[in-house]
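Asker:
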Amino acid sequence: MKCVVVCTITIRSTAPTAETLMRSRYTAFALGNFDYIAATQKLIDDPNQSASDIQDSNEQTKWIKLEIHSTEEGLEKDKKGLVSFSAHFKEGKHIGRLSERSLFKKIKGKWFYISGEHDIQKNTPLINSEAMKVGRNDPCLCGSGKKFKKCCAVH
1 MKCVVVCTIT IRSTAPTAET LMRSRYTAFA LGNFDYIAAT QKLIDDPNQS ASDIQDSNEQ
61 TKWIKLEIHS TEEGLEKDKK GLVSFSAHFK EGKHIGRLSE RSLFKKIKGK WFYISGEHDI
121 QKNTPLINSE AMKVGRNDPC LCGSGKKFKK CCAVH
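Under UniProt numbering, the first residue of the sequence shown carries the number 1, and numbering increases by one thereafter.
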């Protein structure tokens with residue numbers, strides 16, 4: 001089955017690169033697709049984390065913007081990859097930024113999120129909080145540069 005590169009990669013297909021998986025996972029967090037998050041990870045620290053566990057820890061979080069800073073390896077031919085990013089969020093009246101360096105591994109031809117070293121900064125400048133109200137012709141939440149209807153809205 002040929003994989004179409006979009007942000008909401010279906011569970012039957014795979015993300016071709018670690019960065020593509022990172023972007024699709026961010027979009028899944030922003031849209032509340034916690035089943036997808038659980039299906040695309042094999043955590044070292046918590047291998048049995050379920051979709052409901054993920055939902056419980058993210059219910060109050062509104063993800064606003066993703067910025068990819070760098071990617072090391074993680075291409076189609078690689079077995080591992082590192083993606084450094086910042087994700088801006090809002091929780092109630094509080095705003096912040098999660099900066100993370102994420103480790104991805106390819107297992108049996110599929111990329112999975114394995115672990116990450118992160119730092120959370122609170123009370124950061126809020127960047128485009130209206131981005132959570134994404135229209136079909138607006139830029140996609142994942143930062144791909146594509147319109148939402150041509151990227152993460154594709155089912």
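Just so it is clear, CB atoms sit at the ideal spot from N, CA and C, and this is done for glycine as well.
In the DSSP assignment, find the unbroken beta strand (DSSP E) run with Glu91 in it and report its ends.
Answerer: Start and end: 80 to 91.
Asker: Using a Cβ-Cβ cut-off of 7 Å (strictly less than) and excluding sequence neighbours within five positions of residue 158, which residues of its own chain qualify?
Answerer: This structure cannot speak to residue 158, because the chain is shown only from 1 to 155.
Asker: Return helix, strand or coil for Ile44, following the three-state DSSP convention.
Answerer: Reduced to three states, the DSSP call for Ile44 is coil.
Asker: Taking the DSSP output, what are the residues bridged to Ser102?
Answerer: Paired residues: Val83, Gly116.
Asker: The alpha helix (DSSP H) with Leu31 in it runs from where to where?
Answerer: Leu31 -> alpha helix (DSSP H) spans 18 to 31.
Asker: So, at 6 Å on beta carbons, what are the nonlocal neighbours of Ser84 in its own chain, with the 5 sequence-adjacent residues on each side left out?
Answerer: Same-chain partners within the cutoff: His69, Ser70, Arg101.
Asker: For Phe64 and His88, which I take to be in contact (beta-carbon distance under 8 Å), what is that distance rounded to the nearest angstrom?
Answerer: Note that residue 64 is Ile in the sequence shown, not Phe. That belief holds up - the Cβ atoms of Ile64 and His88 are roughly 4 Å apart, short of 8 Å.
Asker: Taking the alpha-carbon positions, what's the Glu91 to Ile120 distance?
Answerer: If I take the Cα positions, the gap works out to 13 Å.
Asker: Take Lys105 as the anchor and find which of Gly116, Lys80, Ser115, Lys122 has the nearest alpha-carbon.
Answerer: Taking only the C-alpha atoms, the option nearest Lys105 is Lys80.
Asker: Using DSSP with H/G/I as helix, E/B as strand and the rest coil, what is Gln55?
Answerer: Reduced to three states, the DSSP call for Gln55 is helix.
Asker: Once the 5 residues before and after Tyr36 are set aside, which same chain residues still bring their CB inside 6 Å of it?
Answerer: Once the five neighbours on either side are set aside, the close Cβ partners of Tyr36 are Ala28.
Asker: Give the DSSP bridge partners of Ile107, in chain order.
Answerer: According to DSSP, which records beta bridges pairwise, Ile107 is partnered with Lys110.
Asker: Since I believe Gly74 is in contact with Ala18 (beta carbons under 8 Å), could you give me their beta-carbon distance rounded to a whole number of angstroms?
Answerer: Correct: roughly 3 Å between the Cβ atoms.
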